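*Asks:* Take this structure, written in C-alpha cells, and hold onto it; I'll ask about it next.
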Amino acid sequence: MKKVLIILIMGLMFVGMSCSSTKKTAATKAETTTTPGKEELSHPKPMTPREKASYALGVSIYNNLKGQALGDIDINLLAEAMMDVKKGKELKIPLADANAAITEYQKAQTAAAKEKAEAEAKKFLTENAKKPGVKTTASGLQYEVLTPGTGKKPSASDKVTVHYKGMLLDGKVFDSSYKRGQPTTFGLGQVIKGWTEGLQLMKEGAKYRFVIPSELAYGARGAGADIPPYSTLIFEVELLKVGDEDSNK
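Here is the structure:
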C-alpha cells in the first residue's frame, strides 16, 4: 500500500502542475482561435520539454493506477486534491486515513472485476465447448484444430518456434507475431500453463485455436495494460518448428 500511496501522491503533484499548465494552454488557444492564421492551423505548436514530461508522467501514473485496480477513480476529485495539496489547504480526507480509503476501494474494484470476468468467461467457454471440433482438456483448456500437422510433437522441455495471434474475449488483439512479421522462439517451460499444455498437443505444421481460462493464463495479476486481471484468452497458434533454430533436435 505504501507504493500505491507514493504513486498517488506523485499523481497529486503532477495534476496540480498540469492543471495550471492546461489552463494557460487553453487561454492561449482561446486567444488564437478568434483569428487563426493558416500556418497555425497547419502546424500546431510543438510541446515544450516540460509539457512532454508532464504528459508522459500522466500516462505513466494512470497506467500504474489501472494496474492496481484504481483506473476508475474520479479524475476531477483527483485534480482537486492535487490543488489542495499544492496550495496547502486542509485535506478533505486526513492523510492518516488515505491508505485505508485506497485499500477499501481497491478491494471492491478487484472483486467486481473478478466477478464480471468470471461470468463472461463461463458463458464464453460454455458456448465455445458446444462448437463442432472444439475439445476441452481436463485442465479446462479448449482447443480446435484449424490445420493438422505432420511433423514432430514438442515436449515440455523443448524449444518451439511459432507464429501466433492473441486476443481477448471481445476480439481485441493484444499481441501478434504476424503483425511484427517475425515468428518467435521460446522454451515451453517459460510460458503460461495454457501454452505449455496446448503446444504439446500439436505437431509441426499445425495451426490450433486455443481458449485459455484465466487460471491457465495470467490469473489475478493480468499482464501489463493490455491483459486485465482474470482474463480468459484466445490464441491462434502455428507450430513452425520444434527445437532450436540451429539444431537438428
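The C-terminal position of the sequence shown is numbered 253 in our numbering, with every residue numbered one higher than the one before it. Here a beta-carbon is modelled for each residue, glycine too, at the ideal position from N, C-alpha and C. None of the values given here were measured: they were computed from a predicted structure.
Is the separation between the beta-carbon of Pro-232 and that of Ala-117 shorter than 8 Å?
*Replies:* yes
*Asks:* Suppose contacts are defined by Cβ-Cβ distances below 8 Å. Is Thr-165 in contact with Lys-91 by that definition?
*Replies:* no
*Asks:* Beta carbon of Leu-1, beta carbon of Val-215: below 8 Å?
*Replies:* No answer is possible for residue 1: the residues shown for the chain start at 5 and end at 253.
*Asks:* Residues bridged to Glu-242 by DSSP?
*Replies:* His-167, Lys-211
*Asks:* Within 10 angstroms of the Cβ of Gly-228, are there 16 or more other Cβ atoms? Answer buried if so, exposed if not.
*Replies:* That one is exposed.
*Asks:* Label Ser-235 either buried or exposed according to how many other C-beta atoms from any shown protein chain fall within 10 Å of its C-beta, with 16 as the threshold for buried.
*Replies:* By the 10 Å Cβ count, Ser-235 comes out buried.
*Asks:* Please state whether the Cβ-Cβ distance between Leu-145 and Gly-202 is less than 8 Å.
*Replies:* yes
*Asks:* What residue ranges within the region 103-137 form continuous alpha helix (DSSP H) runs of no fewer than 4 residues, ordered along the chain?
*Replies:* none
*Asks:* Taking contact to mean 3 or more Cβ pairs, one atom from each stretch, closer than 8 Å, check whether the region 174-189 and the region 132-146 are in contact.
*Replies:* Not touching, per the Cβ criterion.
*Asks:* Between Tyr-182, Leu-172, Ser-181, which has its C-alpha nearest Asp-230's C-alpha?
*Replies:* Leu-172
*Asks:* Taking all protein chains shown into account, do 16 or more other C-beta atoms lie within 10 angstroms of the C-beta of Pro-158, making it buried, or fewer, making it exposed?
*Replies:* Looking at its Cβ environment, which holds 16 or more other Cβ atoms inside 10 Å, Pro-158 is buried.
*Asks:* Considering only the alpha carbon of each residue, which of Ala-121, Arg-213, Ala-85 lies closest to Tyr-168?
*Replies:* Arg-213
*Asks:* Should Met-51 be labelled buried (16 or more other beta-carbon atoms within 10 Å of its own) or exposed?
*Replies:* exposed
*Asks:* What whole-angstrom Cβ distance do Gly-170 and Leu-237 have, given they're in contact under 8 Å?
*Replies:* Indeed, because the Cβ distance is near 6 Å, the residues count as touching under 8 Å.
*Asks:* How would you call Ser-182, buried or exposed, if buried means at least 16 neighbouring beta carbons within 10 angstroms?
*Replies:* What sits at residue 182 in the sequence shown is Tyr, not Ser. Tyr-182 should be labelled exposed.
*Asks:* For Tyr-147, name the three-state secondary structure that DSSP assigns.
*Replies:* strand
*Asks:* Which of helix, strand or coil does DSSP assign to Ser-180?
*Replies:* strand
*Asks:* Would you kindly check if the distance between the Cβ of Ser-218 and the Cβ of Ala-121 is under 8 Å?
*Replies:* yes
*Asks:* Give a yes or no on whether the C-beta atoms belonging to Leu-95 and Asp-88 are separated by under 8 Å.
*Replies:* yes
*Asks:* Sort Gly-198, Asp-78, Ile-77, Ile-106 by Cα distance to Ser-143 and report the nearest one.
*Replies:* The option with the nearest alpha carbon to Ser-143 is Gly-198.
*Asks:* Can you pull the DSSP bridge partners for Leu-237?
*Replies:* Ile-216
*Asks:* Go ahead and pull the three-state DSSP assignment for Lys-139.
*Replies:* strand
*Asks:* Can you name the start and end residues of the alpha helix (DSSP H) that Thr-200 belongs to?
*Replies:* 197-203
*Asks:* Please name the residue, chosen from Glu-240, Asn-103, Asp-179, Gln-110, that lies closest to Leu-74 on a Cα-to-Cα basis.
*Replies:* Gln-110
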